[in-house]
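Read through the structure below, which is laid out as structure tokens, and then see the notes.
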Amino acid sequence: MYRSTNGPKVGKENVGATMKYGSQKQIESRGTTKIQLTKESNTAPVSRGNIRTGEIKKTVLASKTCVLESTGPSKQTLIVNKTDEQKSTETKPKVESTKTETKRQAAILKTDNPTPIQPNKEVRGDIEHAIPDSTVDRASNVNDKKKWSLSNFDIGRPLGRGKFGNVYLAREKETKFVVALKVLFKKQIHSTGVEHQVRREIEIQSHLRHPNILRLYGYFHDDARIYLILEYAPKGTLYKALQEQPNKHFDEPQTAMYVKSLASALIYLHERDVIHRDIKPENLLLGYNGELKIADFGWSVHEPNSKRTTLCGTLDYLPPEMVQGRPHTKTIDLWSLGVLCYELLVGQAPFVSPDHDETYRKIMKVDYKLPSFVTPAAAHLISKLLKLNPEQRLPLEQVLEHPWIILHS
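See the structure below:
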């Protein structure tokens with residue numbers, strides 16, 4: 001038995017507005033990718049498991065020059081080099097073992113027949129390297145500022161691959177601190193016109209400090225690549241964990257824990273005028289103790305006093321205002337939280353359909369069904385987040401106080 005939840009109908013009007021980057025359509029493929037690197041602006045609007053393609057507009061920065069700069073701890077600027085034509089190759093990296101390496105580190109960084117990444121001429125820059133007190137103790141004596149290069153790291157096995165580069169397990173040689181090293185190729189970044197997204201990802205994520213947000217410790221670059229030094233989340237993506245469940249969905253206590261953690265992280269972001277805009281299981285990682293961490297800020301924006309019109313994110317998670325082309329605010333993250341809660345409980349997104357037109361129709365009518373095994377309390381929270389009117393969505397502070405969340409806390 002399913003409970004039908006139908007919201008009010010909406011008209012077909014398409015109210016667009018031109019903002020900083022115009023009104024672009026940039027929809028992500030849901031796919032089954034476990035780790036996504038930087039968003040691809042030429043990806044067609046396809047939902048998970050659907051191979052249908054389409055066309056979208058691509059955002060290109062007016063500036064075509066490219067360097068990586070650091071202006072101190074408070075501000076970091078990334079610009080990608082258009083003239084960089086050096087051909088980059090990617091091979092499986094080598095682990096440089098040391099006498100003091102522990103058995104645990106050796107096991108983590110073990111690779112078969114490893115081949116080293118050959119760095120090009122490296123450009124070092126001052127970066128912020130503030131590791132929180134709650135992180136591994138042995139990293140606490142690292143200087144607040146450090147000039148990084150690839151030679152500072154032992155490179156281990158690949159953790160994920162994508163169009164713009166790869167993510168590797170790595171270890172800082174001096175402290176033995178384990179991190180994830182995200183390697184992006186400048187040529188691919190420029191050819192797809194996503195320089196602004198990489199810049200925003202670095203500028204936003206590097207200044208965030210919250211237990212449920214993945215840390216970006218620093219970055220550096222060479223002639224062909226950009227390297228992001230990220231917190232390592234050993235348990236992988238939430239999507240992977242979801243697929244490993246016997247019935248492909250979590251129970252209510254586990255789901256409530258994830259929703260609570262995500263709501264806490266979103267409160268932190270929204271207080272700093274950051275909109276994430278791409279909340280979904282693939283963009284959420286799990287730490288050593290299974291704690292949830294927001295991991296991908298490729299679509300995030302810092303917008304203190306304005307609305308956005310960019311159509312972006314993942315089709316199954318698009319809110320009605322984006323589907324209609326209307327400006328959106330922080331409340332789009334509330335909608336995504338509701339969609340995520342549904343997917344974690346049921347095993348699929350609430351508006352998933354065989355074709356895109358039907359998905360759009362369901363989103364604009366807020367037309368979804370809940371299986372009978374979902375309790376009324378959980379259904380109530382979902383219904384309060386999946387509101388057609390953005391201003392009627394349950395505020396994040398009230399999400400934390402919802403009886404269903406409190407029951408399972």
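The sequence shown: position 216 = 216 (the UniProt record's numbering), numbered continuously. Where a beta carbon is used, it is the ideal one built from N, C-alpha and C, also for glycine. Quick caveat: nothing in here was measured; it's all calculated off a predicted structure.
Taking Ile229 as the centre and dropping the five residues before and after it, the same chain places the C-beta of Val179, Tyr217, Gly218 closer than 6 Å to its C-beta, in chain order. Taking all protein chains in view, the Cβ of Phe153 is crowded by 16 or more other Cβ atoms within 10 Å, so the residue is classified as buried. Between Lys182 and Gly165 a beta carbon distance of about 7 Å is seen, short of the 8 Å cut, so the two are scored as contacting.
Cα atoms of Lys260 and His190: separation of roughly 38 Å, rounded to the nearest angstrom.
Counting only the Cα atoms, His221 lies some 51 Å from Pro376. CA-CA distance, Ile202 to Tyr168, rounds to 18 Å. Looking from the CA of Leu394, the closest CA among Ala263, Leu285, Ser409, Lys248 belongs to Ala263. About 5 Å separates the beta carbon of Tyr268 from that of His210, a gap short enough to meet the 8 Å contact definition. Following the DSSP letters along the chain, one finds Glu271 inside the alpha helix (DSSP H) bounded by residues 252–271. Nearest Cα to Tyr239 within the set Gly290, His276, Leu318: Gly290. When secondary structure is reduced to three states using DSSP, Leu214 falls in the coil class, being assigned neither helix nor strand.
Put simply, the backbone Cα of Glu401 is about 37 Å away from that of Leu159. In this structure Ala265 touches Ile213 by the C-beta definition: roughly 5 Å separates them, less than 8 Å. Counting along the chain, Gly165 sits inside the beta strand (DSSP E) bounded by residues 165–172. Beyond the five residues adjoining it in sequence on each side, Lys280 comes within less than 6 Å, by CB distance, of Thr314, Tyr317 in the same chain, given in chain order. Minimum Cα-Cα distance from Val366 among the listed residues Arg277, Leu396, Gln243, Glu321 corresponds to Glu321. Per DSSP, reduced to three states, the secondary structure at Arg157 is strand. For Val179, the beta-bridge partners assigned by DSSP are Ala170, Glu231. Taking the CA atoms as reference points, Cys341 sits about 19 Å from Asn389. Going by DSSP, Tyr368 is part of the beta strand (DSSP E) stretching over 368–371. Here the alpha carbons of Glu172 and Ile155 stand approximately 9 Å from one another. Within 10 angstroms of the beta-carbon of Gln398 lie fewer than 16 other beta-carbons, which makes it exposed.
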